[in-house]
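Each remark here refers to the structure printed beneath this line.
In my numbering, the protein residues as written are 270 to 730.
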């Protein structure tokens with residue numbers, strides 16, 4: 270059963286019914302092509318216009334659920350969890366953004382501030398290798414030096430998960446060298462322990478795989494062939510560190526697998542993937558709305574929006590085409606971008622991501638003595654924060670509707686592992702379907718290689 274519901278009712282008022290009806294057949298064809306790509310991957314003769322073809326993410330959640338590899342991965346993650354109190358995650362782009370979306374959505378908002386017991390006996394999490402920022406690298410090294418003094422004490426120990434399919438991405442490779450040296454210095458002569466506390470996630474071949482084998486790292490996990498980085502959240506890339514942090518990775522996979530089945534079988538009108546693509550595509554094609562705002566009503570889904578920014582940009586931003594994604598967090602951004610969305614250019618579709626029930630009990634607004642009621646909020650005393658948020662959502666949607674500005678709503682019954690798995694898989698499937706619909710290969714990112722090549726020439730000659 271899906272815990273996710275897509276409602277484009279408000280946006281549909283700006284879409285001609287005839288255009289919607291005419292899109293049904295092409296949309297069904299795009300779905301069929303997307304699913305057929307999975308079988309085509311096994312072919313030795315993939316057409317040139319289909320290369321690269323990285324459709325392996327589509328069946329992967331279901332495949333992994335039924336495999337012994339999942340048990341092996343979880344067992345390794347539990348060992349690492351029990352042996353460290355700080356995890357340094359090294360990766361860039363899809364190698365860390367999926368995990369970040371899971372972490373911010375499912376873990377305590379102030380996870381790193383809690384003591385180990387209140388964190389559920391899982392480590393703190395730090396990201397590096399996702400930029401070339403000297404101050405953040407130096408700052409994390411300083412923090413580890415200040416807080417981690419005795420490798421014999423659990424609360425002082427730390428480890429590394431390094432994620433890179435090739436091992437050749439400069440940002441991650443440089444960070445790995447820097448933090449690996451710091452880790453080896455911390456554990457000193459205990460090389461066996463330091464090797465045990467570095468877990469590479471990489472391709473079956475490449476620089477990082479070769480180095481890891483030579484170094485004798487105890488656990489090495491694969492980035493599966495046929496799955497690109499931005500589509501890899503349900504592989505060890507996202508799920509291994511998620512398991513270290515105590516997330517229910519089986520429920521994440523179950524949610525993703527159920528969304529794939531819904532996509533495969535449900536008709537348009539009952540299919541969140543197809544309905545989402547139809548709404549976005551028709552408003553862009555017929556109304557020129559090529560800016561897509563993913564408006565997350567709450568801080569915990571901001572990282573999902575940032576992950577989706579990469580997904581949509583790298584997948585469809587080709588051949589001088591492709592919508593521009595923007596992540597918004599409301600009500601925060603109503604006090605910044607809200608003005609532009611209400612009265613600026615009519616080039617935006619706003620998709621609200623709305624959580625039905627909070628994960629915690631509603632915090633109520635207290636009643637105060639009349640002398641302290643300068644804000645006049647005693648009228649709302651006893652109401653919970655969720656009811657205030659609901660009023661903000663309703664009021665904002667009405668303001669946009671009154672000015673004929675389109676919105677659609679993605680309703681999540683709650684924010685848990687199962688539902689988040691559904692949401693991420695839905696957005697990945699929708700991105701691929703739209704690519705097939707408009708004739709753009711949603712896999713590969715040739716434009717990204719340009720800066721890498723130029724940077725390499727500048728640095729290495």
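Note that CB positions come from ideal geometry on N, CA and C, so glycine has one too.
- Burial check for residue 547: the Cβ neighbour count within 10 Å reaches 16 or more, so the residue is buried.
- One alpha carbon belongs to residue 554, the other to residue 652, and they sit about 43 Å apart.
- For the set 517, 516, 493, the Cα lying nearest the Cα of residue 506 is the one of 493.
- Within the same chain, and ignoring the five residues on either side of residue 668 in sequence, the residues whose Cβ sits closer than 8 Å to its Cβ are 611.
- For residue 510, the enclosing alpha helix (DSSP H) stretches over residues 505–513.
- Take residue 716, set aside five residues on each side of it, and no residue of its chain has a beta-carbon closer than 6 Å to its own.
- Separation of residue 332 and residue 496 (C-alpha to C-alpha, rounded to the nearest whole angstrom) is 13 Å.
- Collapsing the DSSP output to three states places residue 271 in coil.
- As the crow flies, the alpha-carbon of residue 291 is around 12 Å from that of residue 537.
- In the structure shown, residue 404 falls within a helical segment according to DSSP collapsed to helix, strand and coil.
- Rounded to whole angstroms, the gap between the alpha carbons of residue 562 and residue 595 is 5 Å.
- Residue nearest to residue 355 within the set 425, 444, 550, 523 is 425 (criterion: CA-CA distance).
- Distance from residue 363 to residue 501 at the Cβ level is roughly 5 Å; contact confirmed, criterion being Cβ atoms closer than 8 Å.
- 373 is the residue among 403, 455, 373, 404 whose C-alpha sits nearest the C-alpha of residue 393.
- The beta carbons of residue 319 and residue 309 sit closer together than 8 Å.
- Within the stretch 508–578, the complete beta strand (DSSP E) runs of at least 3 residues fall at 560–565.
- The bridge partners DSSP lists for residue 628 come to none.
- The beta carbon of residue 545 sits closer than 6 Å to the beta carbons of 275, 699 from its chain, once the five residues preceding and following it are set aside; these are given in chain order.
- In terms of Cα proximity to residue 516, the closest of 443, 456, 390 is 390.
- DSSP places residue 682 within a strand segment (E or B) once states are collapsed to three.
- In the displayed model, residue 483 falls within a helix according to three-state DSSP.
- Beta-carbon to beta-carbon, residue 665 and residue 603 are separated by about 7 Å, close enough to satisfy the 8 Å threshold.
- Per DSSP, reduced to three states, the secondary structure at residue 395 is strand.
- Under the DSSP assignment, residue 343 falls outside any beta strand (DSSP E), being part of the alpha helix (DSSP H) whose first and last residues are 337–352.
- When the five nearest sequence neighbours on each side are left out, the beta carbons in the same chain lying within less than 6 Å of the beta carbon of residue 636 are those of 647, 650, in order along the chain.
- In the DSSP assignment, residue 281 falls within the unbroken alpha helix (DSSP H) covering 278–281.
- Annotated as distal: residue 295 and residue 581, with beta-carbon spacing of 8 Å or more.
- Under the 8 Å Cβ criterion, the stretch 608–624 counts as touching the stretch 677–693, having at least three qualifying pairs.
- Leaving aside the five residues that flank residue 399 on each side, the residues in its chain whose CB is nearer than 7 Å to its CB run, in chain order, 360, 361, 365, 440.
- In this structure, residue 409 sits near residue 395, with a CB-CB distance shorter than 8 Å.
- Residue 284 has its alpha-carbon roughly 25 Å from the corresponding atom of residue 574.
- Residue 710 carries a coil assignment under DSSP once its states are collapsed to helix, strand and coil.
- Cβ-Cβ distances below 8 Å link residue 618 to 280, 548, 549, 552, 553, 558, 560, 561, 562, 675, 676, 677 in the same chain, with the five nearest sequence neighbours on each side left out; the list follows chain order.
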